[in-house]
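*Asks:* This is the structure I have questions about; it appears just below.
2 protein chains.
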Amino acid sequence: MIKLGMLDEHIGFHLRLAQDVSFRAYARQAGAPHLKPGRFAAMTVIKNNPGISQIALGRAISRDKSTITPMVRELVSLGLVERVPSTIDRRSMTLTLTSAGDAMLDDLARAAEAHDRRLDEVVGDQKAVLIELLKKIEDALV
Amino acid sequence: MIKLGMLDEHIGFHLRLAQDVSFRAYARQAGAPHLKPGRFAAMTVIKNNPGISQIALGRAISRDKSTITPMVRELVSLGLVERVPSTIDRRSMTLTLTSAGDAMLDDLARAAEAHDRRLDEVVGDQKAVLIELLKKIEDALV
DNA sequence: TATTGTTATACTCTATAACTATA
DNA sequence: TATAGTTATAGAGTATAACAATA
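Here you go:
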């Protein structure tokens, strides 16, 4: 049996471990509707903020603009996102989901929800507490 | 203001976000005693399980053996880990920390602890609850 | 001068598969 | 046959820096 030593008391360590395990379980389960993990977050942000610029998208998901460029290009080439030059700022692009993108996001949401139902089961009636604590961490450390 | 939509209710999503934020904060703060994140976990496992094989190390931190090889080589070349052929199984290597490795791990532990004290502050008296929930997730989803 | 987005480039982390040497 | 470890290789994900166009 492997011992973990002092790490066992560390929130940061368990955050990493739990995220790792959770993501692997999701990837195993999702299987079919394949789209890389970052894409899901990006598409969700676009859906909820139609017309958003690439820069703003990058800020929303904490990625550099140079990371956003190929990501958006891929989503556009898959027919999931539409990319139109802004009329008010000609440097800027406006992003929206296509109807295919919307449908795909629904599929992904279903897979994510199935996964999250498992997580819900695991944490039981403590879900609200857990999410509240995680949000606190997100807000405090930015 | 960016809206997140349904994701906001998902444990998996907040796990990812909180881990991301936490890791970035740690990286910012750690600054000086530079060693990549996976190394910390590896060295901790070696410290607490002296003589462990590479395969067992890989299992402990959920990495393939081909990921372990260059990782161990780096730690050896930095003088932090000693790597000795096993006398009982000649295919196998035994790993232990050098005294420099032990000292380095102490430094890293201090940085990690400083970071974790911030996390502790954020979650307050809910720390035990949070760790318990994260462990539940780790155990349930393997 | 500052910002949006692209490109070139590079680095890290990771795994798969084929291999060797042992078991 | 199976396991420990290495190597070659490839694919994600990410960022920095230099740049063009526009503000």
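Protein chains in written order, with the numbering used here: chain A, 14 to 155; chain B, 14 to 155.
Heads up, the beta-carbon is just placed ideally off N, CA and C, and yes, glycines get one too.
Small disclaimer: the values here were computed from a predicted structure and weren't measured.
Could you tell me the boundaries of the alpha helix (DSSP H) in which R131/B lies?
*Replies:* Looking at the DSSP string, the run of the alpha helix (DSSP H) that includes R131/B is 112–136.
*Asks:* Evaluate A45/B with the Cβ neighbour count: other Cβ atoms within 10 Å of its Cβ, from every protein chain shown; 16 or more gives buried, anything less gives exposed.
*Replies:* The predicted position of A45/B is uncertain, since its pLDDT is 44 and thus under 50; no value can be drawn from it.
*Asks:* Out of E134/B, N61/B, T100/B, state which residue places its alpha-carbon closest to the alpha-carbon of L146/A.
*Replies:* Measuring from the Cα of L146/A, the nearest candidate turns out to be E134/B.
*Asks:* Looking at the C-beta of Q67/A, does it have a partner C-beta in chain B at a distance below 9 Å?
*Replies:* Taking Cβ atoms only, chain B never reaches closer than 9 Å to Q67/A, which makes this a no.
*Asks:* Counting only beta-carbon separations shorter than 9 Å, does G114/A have a partner in chain B?
*Replies:* Answer no: the Cβ-Cβ gap between G114/A and chain B never drops below 9 Å.
*Asks:* Does chain B have any CB closer than 9 Å to the CB of R86/A?
*Replies:* By this cut-off, R86/A is not an interface position.
*Asks:* List, in order along the chain, the chain A residues whose C-beta lies closer than 7 Å to that of V94/B?
*Replies:* Those do not exist, as V94/B stays about 15 Å from chain A at its closest Cβ, beyond 7 Å.
*Asks:* What residues from the region 23–39 of chain B come within 8 Å of chain A, judged by C-beta to C-beta, listed N to C?
*Replies:* Listed by position along the chain: H23, I24, G25, F26, H27, L28, R29, L30, A31, Q32, D33, V34, S35, F36, R37, A38, Y39.
*Asks:* Can we say the region 53–68 of chain A touches the region 49–68 of chain B, given the rule of at least three CB pairs closer than 8 Å?
*Replies:* No: fewer than three Cβ pairs fall under 8 Å.
*Asks:* Does any residue of chain A have a CB that is nearer than 9 Å to the CB of D102/B?
*Replies:* For D102/B, the answer is no, since every Cβ of chain A falls outside 9 Å of its Cβ.
*Asks:* Given that a residue counts as buried once 16 or more other Cβ atoms are within 10 Å of its Cβ, and exposed if not, what is V97/A?
*Replies:* Burial call: exposed.
*Asks:* Counting along the chain, where does the alpha helix (DSSP H) carrying R72/A start and finish?
*Replies:* Residues 67–73.
*Asks:* So which residues on chain A does K140/B lean against when the C-beta distance must stay under 8 Å?
*Replies:* Result: I24.
*Asks:* Would you call the CB atoms of Q32/A and R103/B closer than 9 Å?
*Replies:* Cβ atoms of Q32/A and R103/B: not closer than 9 Å.
*Asks:* Would you check if the region 114–129 of chain A and the region 137–145 of chain A touch, i.e. whether three or more CB-CB distances between them fall below 8 Å?
*Replies:* Touching, no.
*Asks:* Quick one: give me the first and last residue of the alpha helix (DSSP H) that E87/A is part of.
*Replies:* Start and end: 78–90.
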